[in-house]
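Read the structure below first, then the notes.
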Amino acid sequence: MSRIAHYPSSASLLLRIALAAMWISHGLVLKLLTFGVAGLASWLTATGLPAAMALPLIIAETLGGLLILLGWHGRWVSLALLPILLGALLIHAGNGWVFSNPNGGWEYPLFLAAMSIVHVLLGDGPLALKTEGVHA
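Numbering-wise, the numbering used here puts 1064 at position 95 of the sequence shown, and it's gapless, one number per residue.
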């Protein structure tokens, strides 16, 4: 059987970059630049959530993504952003499994929640501004 080297530091860095790209693209590009605060507020209202959550969601996702990218307490940021993913999971739960279903399915938010938990457990990896915990 061949030996495959393990690179947990590189894996955690790659995970951190991927999560950051997702949060920034959803917060800044999709929510702010595509829908706008008013459009997001309208959608939130249609799903039964308060319109007042629009701007805090945009800020949390964009700033959270930047903090994860920088590795500034990224594990804690991923943990703090988990409720947003769980909320998305609940909103999309009735739409079926695949996210390409009408109104989006629940597999994408579930996957992102799982990857956020992996980030919390694995850590920020190299090139992080502020990390905590044991490093491999």
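Glycine residues also receive a C-beta, built at the ideal position from the N, C-alpha and C atoms.
Item                                                                                                                                                                            : Value
In whole angstroms, give me the CA-to-CA distance for Ala1015 and Leu983.                                                                                                       : 36 Å
Taking the Cβ atom as the reference point for each residue, do Leu1048 and Val1087 lie within a distance shorter than 7 Å?                                                      : no
Taking all protein chains shown into account, do 16 or more other C-beta atoms lie within 10 angstroms of the C-beta of Thr1003, making it buried, or fewer, making it exposed? : exposed
On the three-state DSSP scale, how would you describe Trp992?                                                                                                                   : helix
Let me know if Arg972 comes out buried or exposed under the rule of 16 or more other beta-carbons within 10 Å of its beta-carbon.                                               : exposed
Verify whether the separation of the beta carbon atoms of Val1046 and Ile1037 is less than 7 Å.                                                                                 : yes
How would you label Pro1078, buried or exposed, when you count the other beta carbons within 10 angstroms and need 16 or more for buried?                                       : buried
DSSP beta-bridge partners for Lys1000?                                                                                                                                          : None; Lys1000 has no bridge partner.
Per DSSP, which one or two residues make a beta bridge with Trp1041?                                                                                                            : Lys1099
Could you give the residue range of the alpha helix (DSSP H) that holds Leu1081?                                                                                                : Glu1076 to Leu1091
Excluding the 5 residues preceding and the 5 following Ser1011 in the sequence, name in chain order all residues of the same chain whose CB lies nearer than 8 Å to its CB.     : Ala1020
Near Val1103, what residues of its chain come up, given a Cβ to Cβ distance below 7 Å and the 5 sequence neighbours on each side ignored?                                       : Since pLDDT at Val1103 reaches only 43, below the 50 mark, its modelled position is unreliable, and the value read off the structure follows with that caveat. If we look at Val1103 and ignore the five residues flanking it on each side, it has no Cβ neighbours.
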